[in-house]
Amino acid sequence: MNFLEEKIVKEGIVKEGNVLKVDNFLNHQMDIELFNEMGREWKKRFEGKNINKILTIEASGIGIACIAAQHFNVPVVFAKKSKSINLEGEMYTAEVESFTHKNKNQVIVAKKFLNENDRVLLIDDFLANGCALQGLIQIVQSAGATVEGIGIAIEKGFQTGGKIIRNLGYQLESLAIVDAMNAETGEILFREE
Ligand code: 5GP
């Protein structure tokens, strides 16, 4: 087991409805030393990629992206979730359905922070069905920028997102892939890398 898998086994809680709660170190309280380790690992996995910007989505992606960015020496832009619809013009927008909240959000990035010269690393905390990532990819494409890679902390491998994103041809690096989890026993099974 790697450092993140060990942390998940120790402190993660399996909830009903295919939700893994990691509030203790990732989604509420944040373990910065762990984030730093994640950043170091992504830097290694994306070695040779010419990344000049990290794009994430609020809220939980921000902390991870900021610590990871110190390993890449690049700025972080986070897509904002907004219910407002009259933001056309200076904004790139995409519609994202939230896995955890079951609602739809418009996610937006100001045009001045993303352009065709950007080579972007996408970072997020979880990958479930892939809606959040597809929204971010759409925004990068609207800007004419390039997705150089995608770094995810925890992928739930039994949901469809990972497959969809890999089939699109992106280099997707999930630091822990949960292939099965049981809310009754609390058991968590990881994919062998
Ligand atoms: P997707 O768009 O891939 O279906 O879901 C990704 C987003 O939903 C992530 O940004 C994350 O915030 C949230 N999410 C999905 N599954 C889980 C989960 O099991 N636990 C937690 N804490 N968040 C999740």
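For the working numbering, add 131 to where a residue sits in the sequence shown, where the first one is 1.
Idealized CB from N, CA, C, for every residue including glycine.
Out of curiosity, what's the CA-to-CA distance linking residue i and residue j?
{"i": "residue 324", "j": "residue 220", "result": "44 Å"}
{"i": "residue 290", "j": "residue 242", "result": "32 Å"}
{"i": "residue 117", "j": "residue 293", "result": "The structure shown does not extend to residue 117, since the chain is modelled only from 132 to 324, so the question has no answer here."}
{"i": "residue 278", "j": "residue 210", "result": "15 Å"}
{"i": "residue 320", "j": "residue 186", "result": "29 Å"}
Pick helix, strand or coil for residue i, following the three-state DSSP scheme.
{"i": "residue 199", "result": "helix"}
{"i": "residue 295", "result": "helix"}
{"i": "residue 229", "result": "coil"}
{"i": "residue 263", "result": "helix"}
{"i": "residue 180", "result": "coil"}
{"i": "residue 143", "result": "coil"}
{"i": "residue 269", "result": "helix"}
{"i": "residue 286", "result": "strand"}
{"i": "residue 164", "result": "helix"}
Under a Cβ-count criterion, where at least 16 other Cβ atoms within 10 Å of its own Cβ denotes burial, should residue i be classed as buried or exposed?
{"i": "residue 132", "result": "exposed"}
{"i": "residue 180", "result": "exposed"}
{"i": "residue 311", "result": "exposed"}
{"i": "residue 317", "result": "exposed"}
{"i": "residue 178", "result": "exposed"}
With C-beta atoms as the reference, is residue i less than 7 Å away from residue j?
{"i": "residue 152", "j": "residue 146", "result": "yes"}
{"i": "residue 254", "j": "residue 195", "result": "yes"}
{"i": "residue 225", "j": "residue 269", "result": "yes"}
{"i": "residue 205", "j": "residue 175", "result": "no"}
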